[in-house]
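For the sequence shown, our numbering begins at 827 and goes up steadily by one. Beta carbons: idealized from backbone N, C-alpha and C, even for Gly. The next block holds one structure in the form of structure tokens; read it before the comments.
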Amino acid sequence: MRDWLALALSLLTLASAAPLPSAHQHQSKSRQPVSARQDATSTSNNTTSQQPKLVIAHHMVGNTFPYTKDDWATDIALASSAGIDAFALNVGSDPWQPDRVKDAYDAAAASGTGFKMFMSFDMTVLPCASPDDASTLRNYITTYASHPGQLTYSSRVLATTFAGESCTFGQSSVTEGWKTQFTQHPDLMGDGGQSKVFFMPSFFVDPATFGTYDGVMDGALNWNSAWPLTITSTDSNAPNVVSQVLSTTSNTNTTSNNTLSSLLSSSVTTSNSALGAFTGTTTDAQYLSGLKSMNGGDSKMYMATASPWFYTHYGADSFNKNFVYYADAHLYPTRLSTLVSNRDSIDMIQLLTWNDYGESSYLGRISGAQPNSQAWVDGFDHTPWLSLTAYYVEAFKTGSYPTVQNDTVWMWSRPHTKDAEASSDGVGKPDNSELLGDTVWAVSLTSAPSTVTLSTSATNTRTFEVDGGVSMLSIDISAGDTMRATVERDGETTVDLNPDFVFQGATGTYNFNAFVAVSS
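So this is what it looks like as structure tokens:
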């Protein structure tokens, strides 16, 4: 299925992972290849081998009730500027959502950017017990199959899901349900007996069982590869795993392309299990192995995911979810870097998410209708992450990191200490928060060797001599501190990032969302 499949299987056997560089450098004097330079197409010998690499963002239609076409146009322009190709439209059962979907498709077609849309059916909300339930899904496909705003893959309508592994649509099994009522239903069959749908669901099942979904899956979306879900406070080994990850991502300057070919290096084998969980390479390999096991496995496509953050804070009287996923230690740029380095095996990346405010994973602007998440979202703009995303998106698509023209620094941290006790929070401290550090995470992108200085107060400063390219840096932060970063070269200050931010030691309500800043 892929050039490195045998190596991926070795990864599963050894519980290995690609080495995780710290103060991560990509040289920038000229465009640098990622491993062997590849064109922006899949290198596997399958029927979709000439398809371009795609980067997609997950857009929650359920948060767009007040949207107009102009709102969609704004989102499209912003996403397109970061190199994102399409929105996966997460749709549920609200009767107004089809109207927002139509506006999205029409805005994409009118944008002049080549931006596209496709359906992502939220099967935790959409009913799927009867044959009639499947007609809703088919109607979306047939309505937009010929729309100029529709994203196609291998000349077929791309579609994904969130869940759906329990849906039978009134048939004898999940496979028969999806096969007879969706992918191979007469409504969706094209010339030559091929389905009009290129279906890449996110079924939450063991990838080793993918072979039971023959006739249904053309590939798979690995939703949970975006976060290290095994790093939780209920795991007694989690503090050790966090320690290993942080020690590997300490602020030392290295130059590395983080390729899979180096994953068996003896210098990294002692901590590969922890790093594989953190970078997502372990679950990537499991999915690739599962897809290979299917009939026609060489033609099955893989969509990996990446996410900048995750925090949700709903009480028992609401959605009843109150936890964080571990996103310290530069999770987002590290995951993106890993996907770039392993691009020969990955056909698409889905960014989670564009606008899921309730889970704090949003990359887009704060707009539309929030799901009662204003307490931890308002005032916490995440769009600065988009320009960092764009750097990795270009490398994923082309096989080369872009030349750095201007020095840039990104910084992020939480609004208060992890041990702060909220004075008026009825929900409680989120699960897994004890694993986090009180830290400012920073990424510098420099055009040449430079001196980067991070500071949080007059007495807490760290200085780094970095090469040109990307450097992942950090500094501890205490209550009452601020954040600042400067870049100096040849006696000149090229960056002075000093956002309006104070790290709080006390809080009324818990907020483990991220404050994100970028230099102009």
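How big is the Cα-Cα spacing for residue i and residue j?
| i | j | result |
| --- | --- | --- |
| Ser1273 | Thr1234 | 9 Å |
| Glu1220 | Ser1297 | 18 Å |
| Phe1327 | Met1309 | 7 Å |
| Ile1175 | Phe1030 | 18 Å |
| Thr1209 | Ala905 | 10 Å |
| Ala1100 | Ala930 | 40 Å |
| Thr1356 | Ala985 | No information on residue 1356 is available, as it lies outside the stretch 827 to 1346 that the chain covers here. |
| Thr869 | Ser907 | Model confidence at Thr869 stands at a pLDDT of 39, short of 50, so the residue's coordinates are unreliable and nothing is read from them. |
| Asn1121 | Asp1040 | 6 Å |
| Asn791 | Thr1009 | Residue 791 is absent from the model: the chain starts at 827 and stops at 1346. |
| Ser1199 | Ile967 | 32 Å |
| Ser1167 | Leu1117 | 20 Å |
| Val1342 | Leu1271 | 16 Å |
| Leu1189 | Gln876 | 29 Å |
| Ser1062 | Asp1322 | 41 Å |
| Leu835 | Ser1163 | Reliability of the predicted coordinates at Leu835 is poor, the pLDDT of 36 falling under 50, and no value is obtained from them. |
| Asn1084 | Tyr1218 | Note that Asn1084 has pLDDT 39, beneath the 50 cutoff, so the model's placement of it is unreliable and no number is given. |
| Trp1053 | Gly1037 | 25 Å |
| Met827 | Ala1046 | Interpretation of Met827 is limited by its pLDDT of 46, a score under 50 that renders its predicted location unreliable; the figure taken from the coordinates is listed afterwards. In a straight line, the C-alpha of Met827 is about 14 Å away from that of Ala1046. |
| Arg1315 | Ala883 | 36 Å |
| Lys1022 | Met943 | 16 Å |
| Leu1212 | Gly940 | 19 Å |
| Ile1206 | Thr1001 | What sits at residue 1206 in the sequence shown is Phe, not Ile. One C-alpha to the other measures close to 42 Å. |
| Thr1319 | Asn1232 | 12 Å |
| Ala1216 | Gly909 | 6 Å |
| Arg1161 | Thr1074 | 14 Å |
| Tyr893 | Val927 | 10 Å |
| Tyr1140 | Val1253 | 7 Å |
| Thr978 | Phe1024 | 8 Å |
| Tyr1113 | Ser1250 | 44 Å |
| Val1068 | Phe1290 | 23 Å |
| Phe1149 | Pro953 | 27 Å |
| Asp1264 | Thr1105 | 21 Å |
Below 8 Å on the Cβ atoms is my guess for residue i versus residue j; work out the distance and round it to an integer in Å.
| i | j | result |
| --- | --- | --- |
| Gly1015 | Pro1027 | Rather than Gly, the amino acid found at residue 1015 in this sequence is Met. Not really, about 18 Å apart at Cβ, beyond 8 Å. |
| Val1230 | Gly1294 | 6 Å |
| Leu935 | His973 | At residue 935 the sequence reads Ala, which differs from the Leu that was named. Their Cβ separation, rounded to whole angstroms, is 7 Å, which keeps Ala935 and His973 in contact under 8 Å. |
| Pro1033 | Ser1115 | 7 Å |
| Ala1155 | Leu1055 | Going by Cβ atoms, the distance from Ala1155 to Leu1055 rounds to 15 Å, so no, they are not a contact pair. |
| Asn1048 | Ala1130 | 6 Å |
| Ser1300 | Val1266 | 6 Å |
| Tyr1137 | Phe1338 | 4 Å |
| Pro957 | Gly918 | Not really, about 20 Å apart at Cβ, beyond 8 Å. |
| Pro1256 | Tyr1336 | 6 Å |
| Ile1057 | Ala1111 | Actually they do not touch by this definition, with Cβ atoms about 18 Å apart. |
| Ser1193 | Asp897 | 6 Å |
| Phe1222 | Lys895 | Actually they are not in contact, since the Cβ atoms of Phe1222 and Lys895 sit about 30 Å apart, beyond 8 Å. |
| Trp1236 | Ala1268 | 7 Å |
| Gly1225 | Arg1288 | Actually they do not touch by this definition, with Cβ atoms about 34 Å apart. |
| Thr1333 | Ala1195 | The pair is not a contact, with the Cβ atoms about 26 Å apart (cut-off 8 Å). |
From which residue to which residue does the beta strand (DSSP E) around residue i run?
| i | result |
| --- | --- |
| Thr1312 | Arg1310 to Arg1315 |
| Val1344 | Phe1341 to Val1344 |
| Ser1167 | No beta strand (DSSP E) holds Ser1167; the alpha helix (DSSP H) holding it covers Leu1157 to Ser1167. |
| Val1031 | Counting along the chain, Val1031 falls outside any beta strand (DSSP E), and DSSP gives it neither H nor E. |
| Val1203 | From DSSP, Val1203 is part of no beta strand (DSSP E) but of the alpha helix (DSSP H) over Gln1200 to Val1203. |
| Asn1181 | Where Asn1181 is concerned, there is no enclosing beta strand (DSSP E), given that its DSSP letter is neither H nor E. |
| Asp1302 | Gly1295 to Asp1302 |
| Leu880 | Leu880 to Met886 |
| Thr1320 | Glu1318 to Leu1323 |
| Thr1131 | Met1127 to Ala1132 |
| Leu1047 | Gly1045 to Leu1047 |
| Phe1149 | Lys1147 to Val1150 |
| Thr1056 | No beta strand (DSSP E) holds Thr1056; DSSP gives it neither H nor E. |
| His1139 | Tyr1137 to Tyr1140 |
So residue i is in the alpha helix (DSSP H); what residue range does that whole segment cover?
| i | result |
| --- | --- |
| Asn1066 | Ala1064 to Thr1074 |
| Tyr1113 | Thr1107 to Lys1118 |
(request) Could you name each continuous alpha helix (DSSP H) segment of 4 residues or more that falls completely within the stretch 1205-1292, going from the start of the chain to the end? (result) 1210-1224
(request) Would you check if the stretch 1182-1189 and the stretch 1239-1258 touch, i.e. whether three or more CB-CB distances between them fall below 8 Å? (result) no
(request) Enumerate, from N- to C-terminal direction, the unbroken beta strand (DSSP E) stretches of 3 or more residues contained entirely within the stretch 896-980. (result) 912-917 and 942-948
(message) Below 8 Å, how does it come out for the stretch 939-950 and the stretch 980-998: are there three or more Cβ pairs, yes or no?
(response) yes
(message) Would you call the stretch 1278-1286 in contact with the stretch 1251-1264, where contact means no fewer than 3 C-beta pairs closer than 8 Å?
(response) no
(request) Could you name each continuous alpha helix (DSSP H) segment of 4 residues or more that falls completely within the stretch 981-1008, going from the start of the chain to the end? (result) 1000-1004
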